[in-house]
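Student:
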Amino acid sequence: MTIKAYSIEGNGTYAQDVPAFAEALKAAGSEVVLVPGNSRVKRSMPAAALRAGAEVDTNIVDVAVAGETVTVRRWAYRQRILTAFSRAARPWVIVTDPALFGEICAKLGVTPEALPAAAAPADTRTTVNGVQAAGDGGESTIRPDAKLLFVAGAGWTKKQADGAVHLDEAAKAIKGFISKSGASLGSSKSLVDMPEAAAAFTFMSHMNQVGQTGSTPRHAKGLATCCHGEEPHVVGWRFINERRAVNLDANCGWAQGKADVLYVADAFAVMDKVNELLG
Ligand SMILES: Cc1cc2nc3c(=O)[nH]c(=O)nc-3n(C[C@H](O)[C@H](O)[C@H](O)COP(=O)(O)OP(=O)(O)OC[C@H]3O[C@@H](n4cnc5c(N)ncnc54)[C@H](O)[C@@H]3O)c2cc1C
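The numbers in the numbering used here rise by one with no breaks, and the one at position 242 of the sequence shown is 243.
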């Protein structure tokens, strides 16, 4: 197993560093290359690895070598799960946490070399042929400037009183309200993770998720519908001042001091009426 480590300090532009790093990776001829994940490396090394035909992984906190197998560790899911994985592909560029680079090199018995700086090759300048508007790719439901955040929860996809699910009616009620009111659309994690909802809820993606592992929007008011008000979700509401929720369950999380007003009601009926009143 050939392992090389480069300490990369100082500064360099993306245009200078990408070709220089790529050349260094090719010249190194090593199966595994270790670099510290400082801002310069994070900015340019992934593109350099692509140019050099190498695989690259960032934010690595540990590297272990056993024969031909290299295993690395990386935190996932906001530092809640420590994962371990290896790759068969070579060369493999391993970008370590910068604070752990020295320790990892010492553990593997590799002495880092300084990577020589290179001037920008003349042919990297981009010539602009023209400009074309990208468009917004469809209707946007995330509107940071809206006064109201409207949150849809997984209850919209659950069996209702008649024993059936009503995905199309749910989509119509949610979309109708979002377009009539100009509110921004948020979601619970349960709803955006639900593959069966994706076909009907095309206006919603993981980008809409509010909460601990989602966004923390800053709207003046919030209205949660069919959402239980679990702590990992409501923590994303910490900058939302006036909070209301519609839930069939009078003991849902919102009732535990998390909302100012809880309407114990059927959100399908409530939102249909609201949409009717909005015209
Ligand atoms: C580490 C970790 C991180 C997490 N991060 C997040 C996060 O960032 N964001 C997030 O949202 N969640 C997060 N979760 C998940 C969270 O704990 C909850 O599981 C999730 O928020 C529940 O989503 P929900 O309220 O939409 O669905 P459910 O818990 O299924 O609740 C559905 C609600 O809909 C109500 N309902 C059903 N039909 C109707 C109707 N007709 N009218 C009115 N109400 C109705 C039900 O009474 C029920 O209360 C995280 C969990 C963990 C462990």
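For every residue, glycine included, the Cβ atom is placed at its ideal position computed from N, Cα and C.
#1: What are the boundary residues of the beta strand (DSSP E) that Phe151 is part of?
#2: Return the chain-ordered ranges of every beta strand (DSSP E) run that is complete within the stretch 194-254 and spans a minimum of 3 residues.
#3: Return yes when the C-beta of Glu283 is under 8 Å from any heavy atom of ligand 1, and no when it is not.
#4: Return the Cβ separation of Ile9 and Arg41 in integer angstroms, given the expectation that the two are a contact with Cβ distance under 8 Å.
#5: Based on the DSSP secondary-structure assignment, which residues constitute the bridge partners of Val96?
#6: Using CA coordinates, which residue listed in Gly280, Ala270 and Gly215 is at the minimum distance from Gln161?
#7: Within this structure, are the beta carbons of Ile61 and Ile95 separated by less than 9 Å?
#8: Report all residues from its chain with a CB closer than 7 Å to the CB of Val236; omit the five preceding and five following residues, and keep chain order.
#9: Which one of Leu279, Val247 and Leu186 has the shortest CA to CA distance from Gly156?
#10: So does Leu192 have its beta carbon nearer than 8 Å to some heavy atom of ligand 1?
#11: Short of 8 Å in beta carbon distance, which residues of its chain neighbour Gly280, apart from the five on each side in sequence? Order them along the chain.
#12: Would you say Ser189 touches ligand 3, meaning its beta carbon is less than 8 Å from a heavy atom?
#13: For Ala29, which residues of its own chain have a beta-carbon under 6 Å away from its beta-carbon, when the five flanking residues on both sides are left out?
#14: Going by the DSSP bridge assignment, what does Tyr264 pair with across the sheet?
#15: What is the C-beta distance between Leu150 and Gly187, in whole angstroms, given that I count them as a contact (C-beta under 8 Å)?
#16: Which residues share a DSSP beta bridge with Arg79?
#17: The alpha helix (DSSP H) spanning Leu168 covers which residue range?
#18: Specify the secondary structure class of Thr158 as computed by DSSP and reduced to three states.
#19: Take the Cβ of His207 as the centre, count every other Cβ of all protein chains shown within 10 Å, and call the residue buried at 16 or more, exposed below.
#20: What number of angstroms, rounded off, separates the C-alpha of Trp255 from the C-alpha of Ile179?
#21: Could you tell me the alpha carbon to alpha carbon distance between Ala50 and Met205, rounded to whole angstroms?
#22: Go ahead and pull the three-state DSSP assignment for Ala16.
#23: Whose CA, out of Ser87, Val129, Lys176 and Gly258, lies closest to the CA of Val152?
#24: Please look up how many angstroms separate the CB atoms of Arg244 and Ala260, rounded, as I've assumed it's under 8 Å.
#25: Between Gly154 and Thr59, how many whole angstroms is the CB-CB distance? I'm expecting something under 8 Å.
#26: Just checking my contact of Tyr15 with Arg44 at CB under 8 Å: how many whole Å lie between their CB atoms?
#27: Count the other C-beta atoms from every protein chain shown that fall within 10 angstroms of the C-beta of His199, then say buried if there are 16 or more, exposed otherwise.
#28: Quick one: using the 10 Å Cβ neighbour count with 16 as the cut-off for buried, is Ala174 buried or exposed?
#29: Tell me the DSSP secondary structure of Asp146 in three-state form.
Tutor: Short version:
#1: Within the sequence shown, the letter at position 150 stands for residue 151. Per DSSP, the continuous beta strand (DSSP E) segment holding Phe151 begins and ends at Leu149 to Ala153.
#2: Taken in chain order, the unbroken stretches of beta strand (DSSP E) that lie wholly in the stretch 194-254 and span 3 residues or more are 222-226 and 243-248.
#3: Summary: the structure shown does not reach residue 283, with the chain confined to residues 2 through 280, and so no result is reported for it.
#4: In the sequence shown, the residue the question calls residue 9 occupies position 8. In the sequence shown, the residue the question calls residue 41 occupies position 40. Right, the Cβ-Cβ distance comes to about 6 Å (below 8 Å), so this counts as a contact.
#5: Residue numbering aside, residue 96 sits at position 95 when the sequence shown is read from its first letter. Per DSSP, Val36.
#6: For the purposes of this step, residue 161 is identified with residue 160 of the sequence shown, where counting begins at 1. Ranking the options by Cα distance to Gln161, first place goes to Ala270.
#7: Working through the sequence shown from its first residue, we reach residue 61 at position 60. Working through the sequence shown from its first residue, we reach residue 95 at position 94. Taking 9 Å as the cut-off, the beta carbon of Ile61 is found closer than this to the beta carbon of Ile95.
#8: For the purposes of this step, residue 236 is taken as the residue at position 235 of the sequence shown. Cβ within range, chain order: Gly212 and Gln213.
#9: Numbered from its first residue, the sequence shown carries residue 156 at position 155. If we check each option's Cα against that of Gly156, Val247 comes out closest.
#10: On the sequence shown, residue 192 is found 191 positions in, with the first residue counted as 1. When distances are taken from the beta-carbon of Leu192 to the heavy atoms of ligand 1, the shortest one is below 8 Å.
#11: Counted from its first residue, the sequence shown places residue 280 at position 279. Contacts found: Lys181.
#12: Of the ligands one can find in the structure shown, namely ligand 1, none is ligand 3.
#13: Locating residue 29 in the sequence shown gives position 28, counting from the first residue. These residues qualify, in order along the chain: Lys5.
#14: On the sequence shown, position 263 is the one that residue 264 refers to. Val247.
#15: Taking the sequence shown and counting its residues from 1, the one referred to as residue 150 is at position 149. Taking the sequence shown and counting its residues from 1, the one referred to as residue 187 is at position 186. About 5 Å separates the beta carbons of Leu150 and Gly187, which is inside the 8 Å limit, making them a contact pair.
#16: Here the question's residue 79 lines up with position 78 in the sequence shown. In the DSSP output, where bridge partners are listed per residue, Arg79 has none listed.
#17: Numbered from 1 along the sequence shown, position 167 holds the residue referred to as residue 168. Its alpha helix (DSSP H) spans residues Leu168 to Ser182.
#18: Here residue 158 refers to the residue found at position 157 when the sequence shown is read from its first residue. Thr158 carries a helical assignment under DSSP once its states are collapsed to helix, strand and coil.
#19: Taking the sequence shown and counting its residues from 1, the one referred to as residue 207 is at position 206. Exposed, since its Cβ has fewer than 16 Cβ neighbours within 10 Å.
#20: Locating residue 255 in the sequence shown gives position 254, where the first residue counts as 1. Locating residue 179 in the sequence shown gives position 178, where the first residue counts as 1. Approximately 22 Å between the Cα atoms of the pair.
#21: Here the question's residue 50 lines up with position 49 in the sequence shown. Here the question's residue 205 lines up with position 204 in the sequence shown. CA-to-CA, the gap between Ala50 and Met205 works out to about 34 Å.
#22: Position 15 of the sequence shown, counted from the first residue, corresponds to residue 16. Looking at Ala16 - three-state DSSP - the assignment turns out to be helix.
#23: Numbered from 1 along the sequence shown, position 151 holds the residue referred to as residue 152. Nearest to Val152 by alpha-carbon distance, out of Ser87, Val129, Lys176 and Gly258, is Lys176.
#24: Residue 244 sits at position 243 when you count from the first residue of the sequence shown. Residue 260 sits at position 259 when you count from the first residue of the sequence shown. With 8 Å as the limit, Arg244 and Ala260 qualify as a contact, their Cβ atoms being about 4 Å apart.
#25: Reading the sequence shown from its first residue, position 153 is the one you call residue 154. Reading the sequence shown from its first residue, position 58 is the one you call residue 59. Actually they do not touch by this definition, with Cβ atoms about 34 Å apart.
#26: Numbered from its first residue, the sequence shown carries residue 15 at position 14. Numbered from its first residue, the sequence shown carries residue 44 at position 43. Rounded, the Cβ-Cβ distance is 6 Å, consistent with contact.
#27: Within the sequence shown, numbered from 1, the residue matching residue 199 stands at position 198. The residue you asked about is not His; residue 199 is Ala in the sequence shown. With fewer than 16 other Cβ atoms within 10 Å, it is exposed.
#28: Counting from 1 along the sequence shown, the entry for residue 174 is found at position 173. With 16 or more other CB atoms across the displayed protein chains lying within 10 angstroms of its CB, Ala174 is buried.
#29: The residue given as residue 146 occupies position 145 in the sequence shown. When secondary structure is reduced to three states using DSSP, Asp146 falls in the coil class, being assigned neither helix nor strand.
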